[in-house]
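Single-structure report; data block below.
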Amino acid sequence: MTTPLNPRVAVYTGTFDPVHLGHRDAIARGSRLFDTLIVGVGINPDKSTYFSLDERVELLHDVCAPFGNVEVHKFEGLAVRFVRQLGARIMLRGLRTLSDMEYEFTMSLMNANLDPEIETVFLMAKEEYSHVSSSLLRQIATLGGDLSRFLPDRVRDALLHKVKERKRP
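According to my numbering, the sequence shown is numbered sequentially starting from 48.
Take a look at the structure:
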């Protein structure tokens, strides 16, 4: 018999490379919807990251500090398996664009096949964050653009430092 899953616990997974204000908004909103929100920082084998897993976790701890019911954990492997291991019933996902919807819909169907007890709940991005993505912000940082409207100060400083490190011969 499997352990019952808690419907008041949600898990929001991603690579968060870097965590931006759109992520922070989803975390803030999710923290109001669920008794506990766990932010799962994972490894996506299809993505090349600027920050190590531990650096991303550290930055997320900073971003999530104001929310008393939010925890940050790193994980490897399938997100749906991570959610099950935590005893959560809900996977929280953010949607920015129509292309996100297509991808996330496909992922939610696969996750439902892998574990039918886990539900996916989608949060639509607020308009001011609907165009923000970590990969775009990394590109803007590399090209010297202004990131102040998209990243928390500490994350912006860490990203600019990473960009400088990568440019060194």
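Yeah, the Cβ is synthetic: ideal placement off N, Cα and C, and Gly gets one too. Computed from a predicted structure; not experimentally measured.
Assuming Pro199 contacts Leu84 under a Cβ cut-off of 8 Å, what Cβ separation, rounded to an integer in Å, is found between them?
With a Cβ gap of about 18 Å, Pro199 and Leu84 do not count as contacting.
Measure the CB-CB distance between Arg143 and Ala172 and report whether it falls below 9 Å.
Against a cut-off of 9 Å, the Cβ pair of Ala172 and Arg143 comes out as a contact.
Just the C-alpha distance for Ala188 and Pro54, rounded to the nearest angstrom, thanks.
Straight-line Cα distance between these residues: approximately 39 Å.
So, are the CB atoms of Thr96 and Thr62 less than 9 Å apart?
Taking 9 Å as the Cβ cut-off, Thr96 and Thr62 qualify as a contacting pair.
Tell me Gly115's beta-bridge partners as DSSP assigns them.
Gly115 pairs with nothing; no bridge assigned.
Hey, could you find the ends of the alpha helix (DSSP H) Arg76 is sitting in?
It spans Leu68 to Leu80 - the alpha helix (DSSP H) in which Arg76 sits, taken as one unbroken run.
Would you mind working out which of Asn160, Arg201, Gly141 and Leu190 sits nearest His178, comparing C-alpha positions?
For the residues Asn160, Arg201, Gly141 and Leu190, the minimum Cα distance to His178 belongs to Gly141.
Buried or exposed, going by whether 16 or more other CB atoms sit within 10 Å of the CB of Pro163?
Result: exposed.
Would Gly134 pass as a contact of Val56 if the rule is Cβ separation under 9 Å?
The answer is yes: Cβ separation under 9 Å.
Taking all protein chains shown into account, decide if His208 is buried (16 or more other Cβ within 10 angstroms of its Cβ) or exposed.
The residue is exposed, with fewer than 16 neighbouring Cβ atoms inside 10 Å.
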